[in-house]
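Its first residue numbered 15, the sequence shown is counted upward by one per residue in the working numbering.
From the three backbone atoms N, C-alpha and C, an ideal C-beta is built for every residue, glycine too.
Just below is one structure, and these are the notes that go with it.
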Amino acid sequence: MFNTREAVKNIHWVGGSDRRLALFENLFPVPRGVSYNSFLILDEKTALIDTVDSSIRQQFTDNVKGVLAGRKLDYLVINHMEPDHCASIEDIVLRYPEVKIVGNAKTFQFIRQFYDFDLEGRTVEVKEGDTLPLGEHTLQFVFAPMVHWPEVMMTYEQKEKILFSADAFGTFGALNGNLFADEVRYEREWLDDARRYYSNIVGKYGAQVQAVLKKAAGLEISMICPLHGPIWRRDLDWLLGKYDLWSRYVPEEKAVAIFYGSMYGNTENAAELLASRLSQAGVQNVAMYDVSSTHVSYLISEIFRCSTLVFAAPTYNMGIYPAMHNLLHDMKALGLGCRTAAVLENGSWACASGKLIRQQLAEMKNMTVLEPGLKLASSLKDCQAPELDAMVQAVAQSLQ
Ligand code: FEO
């Protein structure tokens, strides 16, 4: 039985959710699952906007068939060619052999790279700003390269003023019946996953997101339909505001995130003392993460949220404790910067982690490192209380 929702009259959500997937892109934990959104417009011509991951192919094709109710499918618009959205193109082509596939030059390059089905006579190649009339509805194509792949475009439906925004504005998390962001407690229950999705999937491409936000500012938008998660018909400025901050790498909150790695608990103990003293100094917004037991995607997400970061790690094989090294590597790969950082290092002999962490931070944009840091020789000693206090003061002042 098909399971769809009407987003607005004659525009139907025909996607679905996967709650079995453990790792999105085989990288990112999705304990709340993930949804793949697709939309079907019924007009003089019918148009399907994107397809879905292979995991929900059966539900998706049932949904499309159910909404079409015997009509033929005229167009399949491909906004994004990552397989979590394009995996069901061939199914659609086989079921609706007269369908025309709408995409840009790179879309068709990628279809040919991923698949072997015959595109001859099936393609409608569009360029930036081109329009495709369906009857009452008209689709307008807005290119969004590198948000999150080079072929990405968004589709703007002029009658209802809907932006089908590809990955942008999406989130991890399966839908639980509710389709609209205003039907759920988004800020409380979804924002963390939306930030984790943005920061890890699209976070590297802040400049390109800024370019798209400028294009979007020229459109009158009443609804945003991302490829993952709830869709937006209210409070669009709130959502756009988050994307503006994230894509400029501006922290959302004056907050401290303490990331620590610890082999036997000594570095952890120092990190705990630092957090406790920060609280006593009046700092309220503090989060602590064990880098060994927290997936790096959650750490990256917290870096997008927090203004001040503490990196506390032992020296390991003359280098940085591996889980911390992995976090710093990810930060660099995603182009992170514009934060204040403090360093707490440990080493029982030949302590080097502090110097090496500072080197990594120096390679990121606009990182301010608070000095002095705190250096442990195996464990924090009572005589180091003044050094700890100095670090607490420096971190607390950075928040003012
Ligand atoms: Fe949801 Fe870039 O794919």
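Query	Result
Runs of beta strand (DSSP E) wholly within the stretch 143–181 (minimum 3 residues, chain order)	145–147, 152–157, 167–171 and 176–178
Close beta carbons around Leu394, own chain, < 6 Å, minus the five adjacent residues each side	Ala284
Glu165 CB to nearest heavy atom of the ligand FEO below 6 Å	no
Distance between beta carbons of Gly84 and Tyr50, contact taken as under 8 Å	The Cβ separation is near 25 Å, so there is no contact.
Start-to-end residues for the beta strand (DSSP E) that takes in Val6	With the chain represented from 15 up to 414, any question about residue 6 goes unanswered, as that position is not in the structure.
Val226 (DSSP reduced to helix, strand or coil)	helix
Counted within 10 angstroms of its Cβ, other Cβ atoms place Ala399 as buried (16 or more) or exposed	exposed
Inter-stretch contact at 8 Å, needing at least 3 Cβ pairs: the stretch 271–290 / the stretch 378–392	yes
Any 3 or more C-beta pairs closer than 8 Å across the stretch 124–131 and the stretch 144–156	no
Counterpart residues of Tyr89 in DSSP-defined beta bridges	Ala61 and Lys114
Opposing strand residues paired with Ser49 [DSSP bridges]	Ser31
Asp98 beta carbon near the ligand FEO (any heavy atom closer than 6 Å)	yes
Nearest-angstrom Cβ-Cβ length linking Val161 and Tyr219, presumed shorter than 8 Å	6 Å
heavy atom of the ligand FEO below 6 Å from Leu241 C-beta	yes
Nearest-angstrom Cα separation, counted from Lys229 out to Gln407	43 Å
Residue range of the alpha helix (DSSP H) that includes Thr121	Ala119 to Phe128
Contact test: His162 Cβ vs the ligand MN heavy atom, cutoff 6 Å	The ligand MN is not part of this structure, which contains only the ligand FEO.
Assigned exposure category for Ser307 - 16 Cβ within 10 Å defines buried	exposed
Buried/exposed call for Val310, threshold 16 Cβ in 10 Å	buried
C-beta atoms of Asp57 and Gly117 nearer than 7 Å	no
N- and C-terminal bounds of the alpha helix (DSSP H) containing Ile106	Ile103 to Arg109
Any non-hydrogen atom of the ligand FEO closer than 6 Å to Asp181 Cβ	yes
Range of the contiguous beta strand (DSSP E) that encloses Asp304	Val300 to Asp304
Buried versus exposed, by CB contacts within 10 Å (16 or more), Arg319	buried
Met345 to Met302 span [Cα, whole Å]	17 Å
Contact under 7 Å by Cβ, Ala327 with Gly275	yes
Where Asp196 falls, given that 16 or more other Cβ within 10 Å makes a residue buried	exposed
Val140, DSSP secondary structure in three states	coil
Closest Cα partner of Leu241 within the set Leu62, Asn17 and Lys23	Leu62
Pairwise C-alpha distance: Cys397 and Gly217	42 Å
CB contact flag (Val113, Leu90, <7 Å)	yes
Three CB pairs or more closer than 8 Å across the stretch 68–81 and the stretch 32–42	yes
Pair within 7 Å by beta-carbon distance, Leu375 and Met381	yes
Distance between Thr185 and Val48 (C-alpha atoms, nearest Å)	8 Å
DSSP state of Lys389 mapped onto helix, strand, coil	strand
Expected contact under 8 Å - CB spacing of Ile272 and Val300 to nearest Å	7 Å
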